[in-house]
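Per this note's numbering, residue 1 is the first one in the sequence shown, and the count goes up by one each step.
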Amino acid sequence: MAEVLITEGQIVEKGQVLLKIDDTRFSSSVRETELKYYELLARSTRLRAESDGVDFVVPEEVVKASPTLAKNEKNLYLSRQRELKSGIQVLEQQQAQRRQELIERRAKQSQLVQGYELSNKELKMSEPLVSIGVISEVEILRLKRTVNQLYSEMDANRLAIPRAQSALNEAQQKVAEQTIQFKTEAAGQFSEVNAELNRTKETIFSAKDRVTRTQVRAPLKGTIKQLKINTVGGIIQPGMDLLEIVPIEDNLLIEAKIRPADIAFLRPGQEAMVKLTAYDFSIYGGLPAKLERISADTIKDDKDESFYLIYLRTDKNYIVHKDVKLNIIPGMTTTVDILTGKKTVFDYLLKPILKAKNEALRER
């Protein structure tokens, strides 16, 4: 217990702070949870920006709560963007190399085809000249070797062109996948962080509620009847009663007992007169009231007598006598007269006659 602000017998208003409980532990928990919340909020916003491929703007509430945290998260975003860009540049360089290799392969193929065709033509033109001694057989063998070599190179290069094209396609795909993978990973992390962020929000509400409850406030206007704990520094156990308040309301709720024989004549809304034993009715009068509700079944008292409980609501909580307000406090005993109907003098004169008529010629 940190502070006791009231005393027994004191009248307090609704919402008034009565007791203050030490909130050091709860306040510390709130600060820690709030810091975690801002960290998660900044991270969640960054991951959302990365997954959507848009610029990251630190939430204003994070900037206000922790400029350092906001700066660190922004720097992390920029660092990751540089890393992504650097990785893409490496892949784009590889893509350019593969494209150049394909261009060179195609150019070489054109040269090899042309060289092969020329060498093969030269061979065919030279072969008839061997018989007349213009060209030796050795020269023919050299030409054949050249033609075969060019054909082998041409065939090998022709097979290499599709592989070069595949390598280029793969390099292009890696460039696209680099960005897709980056966004996919960011989206996955965003889902996890956002779920934790929502859980942290609920934790903050709970922690703040505990801090709020360290200020015990009066739920209604009333009088402090009893303080169960009044020692500053005392320990409050869970579920422990702290104090009792007797309500002071503009009207009163009267509890009365009714015999089962009389209950059939009662219904909610009937008017009544409450007479207080503390104030002589003939001098001070009573309090007008209305029947509000009736218990669902009978109740037995210590003497094993059955009765119904009824509740009546008065319009005010005091009696006026000679311009002086006489307060009524809980616990006062009363008697209640309930108006169940109205009869004329003629009704009372006829009642014995009607009763005799109804009971004539009966045997009990």
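Even for Gly, the Cβ is constructed at its ideal location relative to N, Cα and C.
9 angstroms Cβ cutoff met for residue i and residue j
{"i": "L276", "j": "I319", "result": "yes"}
{"i": "A272", "j": "K290", "result": "yes"}
{"i": "V12", "j": "L41", "result": "no"}
{"i": "V138", "j": "S119", "result": "no"}
{"i": "E244", "j": "Q270", "result": "no"}
{"i": "A256", "j": "L312", "result": "yes"}
{"i": "D315", "j": "P288", "result": "yes"}
{"i": "R259", "j": "I294", "result": "no"}
{"i": "L102", "j": "I161", "result": "yes"}
{"i": "V216", "j": "L19", "result": "yes"}
{"i": "I248", "j": "N317", "result": "yes"}
{"i": "K183", "j": "S51", "result": "yes"}
{"i": "V274", "j": "T203", "result": "no"}
{"i": "R46", "j": "E73", "result": "yes"}
{"i": "Y279", "j": "L220", "result": "no"}
{"i": "A218", "j": "K14", "result": "yes"}
{"i": "E170", "j": "R99", "result": "no"}
{"i": "V246", "j": "I329", "result": "yes"}
{"i": "Q178", "j": "G239", "result": "no"}
Burial state of residue i, where buried means 16 or more other Cβ atoms lie within 10 Å
{"i": "I180", "result": "exposed"}
{"i": "G222", "result": "buried"}
{"i": "V17", "result": "exposed"}
{"i": "S44", "result": "buried"}
{"i": "Q95", "result": "buried"}
{"i": "L112", "result": "buried"}
{"i": "A261", "result": "exposed"}
{"i": "I254", "result": "buried"}
{"i": "L91", "result": "buried"}
{"i": "N251", "result": "exposed"}
{"i": "L143", "result": "buried"}
{"i": "L5", "result": "exposed"}
{"i": "N157", "result": "buried"}
{"i": "M154", "result": "buried"}
{"i": "V54", "result": "exposed"}
{"i": "I283", "result": "exposed"}
{"i": "T56", "result": "Contrary to the premise, residue 56 reads as Phe rather than Thr in this sequence. Its Cβ being crowded by 16 or more others within 10 Å, F56 is buried."}
{"i": "I338", "result": "buried"}
{"i": "R31", "result": "exposed"}
{"i": "V134", "result": "exposed"}
{"i": "T7", "result": "exposed"}
{"i": "F205", "result": "exposed"}
{"i": "T200", "result": "buried"}
{"i": "A107", "result": "exposed"}
{"i": "A176", "result": "exposed"}
{"i": "A186", "result": "buried"}
As assigned by DSSP and simplified to three states, the class of residue i
{"i": "N157", "result": "helix"}
{"i": "Y311", "result": "strand"}
{"i": "D241", "result": "coil"}
{"i": "Y279", "result": "coil"}
{"i": "I88", "result": "helix"}
{"i": "F182", "result": "helix"}
{"i": "Q97", "result": "helix"}
{"i": "N251", "result": "coil"}
{"i": "E3", "result": "strand"}
{"i": "K257", "result": "strand"}
{"i": "S206", "result": "helix"}
{"i": "T68", "result": "helix"}
{"i": "D262", "result": "helix"}
{"i": "K124", "result": "helix"}
{"i": "I140", "result": "helix"}
{"i": "I229", "result": "coil"}
{"i": "T383", "result": "Absent from the structure is residue 383, since the part of the chain shown begins at 1 and ends at 364."}
{"i": "P162", "result": "helix"}
{"i": "I103", "result": "helix"}
{"i": "G188", "result": "helix"}
{"i": "G133", "result": "coil"}
{"i": "V175", "result": "helix"}
Residue i - partner residues in DSSP beta bridges
{"i": "A289", "result": "A272 and T314"}
{"i": "Q215", "result": "K20"}
{"i": "T33", "result": "T33 is not bridged to any residue."}
{"i": "D52", "result": "For D52, which the question treats as bridged, DSSP gives no partner whatsoever."}
{"i": "I224", "result": "I245"}
{"i": "K300", "result": "S306"}
{"i": "L326", "result": "I319"}
{"i": "I338", "result": "A272"}
{"i": "V12", "result": "G222"}
{"i": "I294", "result": "I310"}
Is there contact here, the region 161-170 with the region 76-91, by at least three beta-carbon pairs under 8 angstroms?
They do not touch, by the three-pair rule.
Evaluate the contact criterion for the region 115-133 versus the region 144-158: three or more CB pairs, one atom per stretch, below 8 angstroms.
They touch, by the three-pair rule.
Validate contact between the region 190-201 and the region 30-40 using beta carbons, cut 8 angstroms, 3 pairs
Counting Cβ pairs under 8 angstroms, three or more are found: they touch.
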